[in-house]
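Q:
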Amino acid sequence: MEKAYYKSVKDNKEMEIVITEILNIDEEYRGAIVIPFYGDKFVMTYHPGRKGWEFPGGKQEENENLLQCAIRETFEETGAILSKLNPIGYYRIIKGENSFKTLVYIGEIAIFEPKPRWSETDLVKLFDELPENISFDDDIYKIIIDHIKTKG
Numbered sequence: 021m022e023k024a025y026y027k028s029v030k031d032n033k034e035m036e037i038v039i040t041e042i043l044n045i046d047e048e049y050r051g052a053i054v055i056p057f058y059g060d061k062f063v064m065t066y067h068p069g070r071k072g073w074e075f076p077g078g079k080q081e082e083n084e085n086l087l088q089c090a091i092r093e094t095f096e097e098t099g100a101i102l103s104k105l106n107p108i109g110y111y112r113i114i115k116g117e118n119s120f121k122t123l124v125y126i127g128e129i130a131i132f133e134p135k136p137r138w139s140e141t142d143l144v145k146l147f148d149e150l151p152e153n154i155s156f157d158d159d160i161y162k163i164i165i166d167h168i169k170t171k172g
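Numbering (the numbering used here), first residue to last: 21 to 172.
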């Protein structure tokens, strides 16, 4: 996968997305998101609190590495068991003095199992294209999916 870099400023918030094969996993990341594929479709989950579709992801728990975080969040939010998981880049959001950096993985799903009953998400669905009602309006999903589709 080629290196790609995107930067924008929207709503007093700076966004930076870097997609590259060369990542320093030892850097400081807040958490991870996974773009999980089942066959040739990507999987998203509906978050009723945010009233939108999103990719599984979240913050690292104590004594958990980023890979464990990505696997756990994917299962908790979609019920998916991943057979393959590779980091493809990161995004950083900067708003005023606050900044956070999130590692982005692309994954392949082996099977689905029932989600935990306490999962914070609702529906799980396979998509060819991003749906209109996404939980976040910062274009991160669109940029990453467009890059995956055009660059592989």
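Every residue, glycine too, gets a C-beta built ideally from N, C-alpha and C.
Could you tell me whether the stretch 83-90 touches the stretch 146-154, where touching means 3 or more Cβ pairs closer than 8 Å?
A: no
Q: Between the alpha carbons of Asp-80 and Tyr-110, how many angstroms are there, rounded?
A: The question names Asp, but residue 80 in the sequence shown is Gln. The alpha-carbon atoms of Gln-80 and Tyr-110 are separated by roughly 15 Å.
Q: Check whether the stretch 48-57 touches the stretch 123-131, taking contact to mean three or more Cβ pairs, one atom from each stretch, closer than 8 Å.
A: yes
Q: With 16 as the cutoff for other CB atoms within 10 Å, does Trp-207 come out buried or exposed?
A: Only positions 21 to 172 of the chain appear in the structure, and residue 207 is not among them; the question remains open.
Q: Would you list the residues sitting across from His-167 in a DSSP beta bridge?
A: According to DSSP, which records beta bridges pairwise, His-167 is partnered with nothing at all.
Q: Pull up the CB-CB distance for Lys-145 and Met-64, whole angstroms please, since I reckon it's below 8 Å.
A: 6 Å
Q: Use the C-beta contact count for Ile-160: other C-beta atoms within 10 angstroms, 16 or more gives buried, fewer gives exposed.
A: Buried, since its Cβ has 16 or more Cβ neighbours within 10 Å.
Q: Distance check for Pro-68 and Gly-77, CA to CA, integer angstroms please.
A: 15 Å
Q: Mark Thr-122 as exposed unless 16 or more other C-beta atoms lie within 10 angstroms of its C-beta, in which case mark it buried.
A: Buried, since its Cβ has 16 or more Cβ neighbours within 10 Å.
Q: When the distance is taken between beta carbons, is Lys-115 closer than 9 Å to Lys-33?
A: Contact flag set, yes.
Q: Could you tell me if Leu-102 is buried or exposed, where buried requires 16 or more neighbouring beta carbons within 10 angstroms of its beta carbon?
A: The residue in question, Leu-102, is buried, as its Cβ has 16 or more Cβ neighbours within 10 Å.
Q: Could you check the C-alpha separation between Ala-100 and Ala-52 for me, to the nearest Å?
A: 16 Å
Q: Below 8 Å on the Cβ atoms is my guess for Glu-96 versus Lys-135; work out the distance and round it to an integer in Å.
A: 7 Å
Q: So the candidates are Thr-98, Leu-105 and Asn-118; which of them puts its Cα closest to the Cα of Phe-132?
A: Thr-98
Q: Could you check the C-alpha separation between Asn-7 and Asp-31 for me, to the nearest Å?
A: For residue 7 there is no data in the structure shown, the boundaries of the chain being 21 and 172.
Q: Excluding the 5 residues preceding and the 5 following Lys-104 in the sequence, name in chain order all residues of the same chain whose CB lies nearer than 7 Å to its CB.
A: The answer, listed in chain order, is Gly-127 and Glu-128.
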